[in-house]
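When the letters of the sequence shown are read in order and numbered with the UniProt record's numbering, they come out as residues 1 to 135. Don't be surprised by glycine CBs; every beta carbon is placed ideally from N, CA and C.
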Amino acid sequence: MIYYLLIIFLLTLVFWVLYRSRIIAFCPICAVTVITWVGGLLAIHLRVSWANPFVVAILMGASMGALAEKYGRRFGLLWKTAMILLGISSIYFLVQPDGLYEGLGITTVLLGITFFSHKGTPAEHVRGDLFKDCC
């Protein structure tokens, strides 16, 4: 677990400097969380000894919860419910060394639901900083 904490700490410092310098326009801790769990997933499936599925699942759950909260109003309660139920199922399979295909299949279903659940008009797609109130 110490590897994950060190990665999160060091990358957050780097991304924070980039964010304050206006080189990047997204939330540093959100970006670092995603980078860390993607790296953790790769480590799990490459069977690296320090890969910890429990920590990766926690990080993925944090990202999933943030997405559900951020976009729940736009896509509606049905989407938010599907996001949580399918997201948890997807995370469960993705962190299993032999569950990659099941996890990707559930993630594909979730992406399809997201695509067909959008309730907006093209005018609503004009937006500023998505993570303005994030950090």
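Check, Outcome
"Apply the 10 Å Cβ neighbour rule to L41 and answer buried if 16 or more other Cβ atoms are within range, or exposed otherwise.", "buried"
"Output yes or no for whether 8 Å exceeds the beta carbon distance between M60 and W79.", "no"
"Which of the three DSSP states is assigned to S21 in this structure?", "coil"
"If you draw a straight line from the C-alpha of S89 to the C-alpha of V14, how long is it?", "32 Å"
"Three or more beta-carbon pairs under 8 Å between the stretch 94–106 and the stretch 44–52, yes or no?", "yes"
"What are the complete alpha helix (DSSP H) segments, minimum 4 residues, inside the stretch 50–112?", "53–75 and 77–94"
"Buried or exposed: L110, going by 16 or more other Cβ atoms within 10 Å of its Cβ?", "buried"
"Just to confirm, is the Cβ distance from T108 to F75 under 8 Å?", "no"
"Given this structure, state the Cα-to-Cα distance separating T81 from I2, to the nearest angstrom.", "33 Å"
"Use the C-beta contact count for R20: other C-beta atoms within 10 angstroms, 16 or more gives buried, fewer gives exposed.", "exposed"
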